[in-house]
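Chemist: Position one of the sequence shown corresponds to residue 39 (my numbering), numbered consecutively onward.
Every residue, glycine too, gets a C-beta built ideally from N, C-alpha and C.
Only a predicted model underlies this, so the values are computations on that prediction, with no experimental measurement involved.
My questions all concern the structure below.
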Amino acid sequence: MQNQVNCPKCNRKTTPLRGKCIYCGGELPVEKVSLEVVAARIAQSRNLQPSEATPDTLTQMSRELQQSLAVVSVVVIPPDGGPSAAYLSSIATFSVLSEDELRQLLSQNRPVPIACTFDLLEAKAIEEKLRRDGIEVYVLGDDVLAPQQPPQRVRKLEFERDEIVLFPEVTVEAPKRIKTESIRLIVEGRIVRRQIEAREENKSFARTERELVDVIEFVDQNSLADFYTDSPQSCFRVREESFDYSGLRGRMQLTAAANFRLLIDMLCEMARPVYDNTYRKASKLLDPLWPSTKRTESLGVKRTSLSPGKVPTASRQVIDNELQFNRYSRLGYKLLKMSL
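Now the structure itself:
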């Protein structure tokens, strides 16, 4: 159990987990966090054996509940010329990723998270330590990255001189006009949604042991792109599927994939924004930090035969990386605005 600390403002004892005093709201001192303890806990997570990393049912339920909690991300800006050995050694102390994985992630040459925690105080302590080592680092919580609130999805775009007309996915909303030159950043990615349906049954009459008898997996992949402008209210998202490409007019291609590529190329040519297509390469490396969302649902008893004593049950597990992409996309936008 984490020790309580005295608030510098009201001198009452309070838990440091919140980062602020629960009585007066004053900031709690970061130095109360032991970086050695943080580094040891991260090292233990990194060295989990495969059998330990596979959770039981109760642990799985706990992890699924944690997905709804806000996290705090420690983000670094890769140095010009690539990370040195000392740089990698410094950040690896506080990351579940190995130095080789961090090198691959930083090779994308864009801001990336190297650690995530539910404790703001821990994140601030890591930030202070890395800044003392000369590393450009920021702490961004989910209240800033807002993964549950992606850019507004649009169903159609039309081009009119130096403006773009946006048609929201919700048809009752009025179209919106923005200046083409106001697009500052385009982040392209891919959402992968896996659905696994499994059926189990007890081995025989009066036996409680269960065995897996059938598994079906469905995989759905869709490309998408987020377009960020000077105004957060004018940022929008385009998904490759179920999008009306008629706004391309005479340049319209035969397939959705070709039209999606053409749309991005046209907007890059007209607006000259920062274009980021690094997510696909980085997604697997990001999974230990920003894990894909997993949800398990019971489908109840599924009788397929009259086998005496056997009770088959079915379940469905849905895995998707949309929240991960939302964080990655919004991270680039927030740091781009900070640099302007």
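Within 10 angstroms of its Cβ, does P46 collect 16 or more other Cβ (buried), or is it exposed?
Modeler: exposed
Chemist: Just the Cα atoms here: how many angstroms apart are R232 and K322?
Modeler: 15 Å
Chemist: Beta-carbon separation of Q120 and V203 under 9 Å?
Modeler: In the sequence under discussion, the amino acid at residue 120 is Gly, which differs from the Gln named in the question. Not in contact: G120 and V203 (Cβ atoms no closer than 9 Å).
Chemist: Can you tell me whether K319 is buried or exposed, with buried defined as 16 or more other CB within 10 angstroms of its CB?
Modeler: exposed
Chemist: Using a Cβ distance threshold of 8 Å, determine whether the segment 188-204 contacts the segment 271-286, with at least three qualifying pairs required.
Modeler: yes
Chemist: Going by other Cβ atoms of all chains shown within 10 Å of its Cβ, with 16 needed for buried, is Y176 buried or exposed?
Modeler: buried
Chemist: Between N49, V109 and F132, which lies nearest to A81 when the distance is taken from Cα to Cα?
Modeler: F132
Chemist: Look up G370 in the DSSP assignment and say whether it is helix, strand or coil.
Modeler: helix
Chemist: Just mark D37 as buried or exposed, buried being the case when its beta carbon has 16 or more other beta carbons within 10 Å.
Modeler: It is not possible to answer for residue 37, since the shown part of the chain is limited to 39 through 378.
Chemist: Report buried or exposed for R333, applying the criterion of at least 16 other Cβ atoms within 10 angstroms of its Cβ.
Modeler: exposed
Chemist: State the DSSP-derived secondary structure class of P206, mapped to helix, strand or coil.
Modeler: strand
Chemist: On a Cα-Cα basis, can you pick out the residue from E360, P350 and D303 that is closest to T331?
Modeler: The shortest CA-to-CA distance from T331 to any of E360, P350 and D303 is the one to E360.
Chemist: Taking the alpha-carbon positions, what's the A91 to A124 distance?
Modeler: Caution is warranted here: a pLDDT of 43 is assigned to A91, below 50, making its placement in the model unreliable, and the coordinate value is therefore given only provisionally. In a straight line, the C-alpha of A91 is about 29 Å away from that of A124.
Chemist: If you measure between the beta carbons of E238 and E249, is that distance less than 9 Å?
Modeler: yes
Chemist: Output the residue ranges of the beta strand (DSSP E) runs that lie fully inside the segment 307-354 and measure 3 residues or longer, sorted by chain position.
Modeler: 312-314 and 331-339
Chemist: State the CB to CB distance for the pair I221 and T267, rounded to an integer number of angstroms; the pair is presumed to be in contact (CB under 8 Å).
Modeler: 6 Å
Chemist: So what's L151 in DSSP terms, helix, strand or just coil?
Modeler: Looking at the sequence shown, residue 151 is not Leu but Pro. Looking at P151 - three-state DSSP - the assignment turns out to be strand.
Chemist: Counting only the same chain and skipping the five closest in sequence on each side, list residues whose C-beta sits under 8 Å from that of V251.
Modeler: Same-chain partners within the cutoff: R237, E238, E239 and P350.
Chemist: Taking the alpha-carbon positions, what's the I302 to T293 distance?
Modeler: Using only the alpha carbons, I get a separation of about 15 Å.
Chemist: Since C154 and V110 should fall inside the 8 Å C-beta cutoff, what is the C-beta to C-beta distance between them, to a whole number of angstroms?
Modeler: 7 Å
Chemist: Would you report the Cα separation of C59 and R277, rounded to the nearest angstrom?
Modeler: 43 Å
Chemist: Would you kindly check if the distance between the Cβ of V76 and the Cβ of P160 is under 9 Å?
Modeler: Position check: residue 160 holds Glu in this sequence, whereas Pro was assumed. The answer is yes: Cβ separation under 9 Å.
Chemist: Return the bridge partner residues of K47 from the DSSP annotation.
Modeler: Its beta-bridge partners do not exist; DSSP assigns none.
Chemist: Thinking C-beta only, is L374 closer than 9 Å to P151?
Modeler: no
Chemist: Could you check the C-alpha separation between F363 and E165 for me, to the nearest Å?
Modeler: 23 Å
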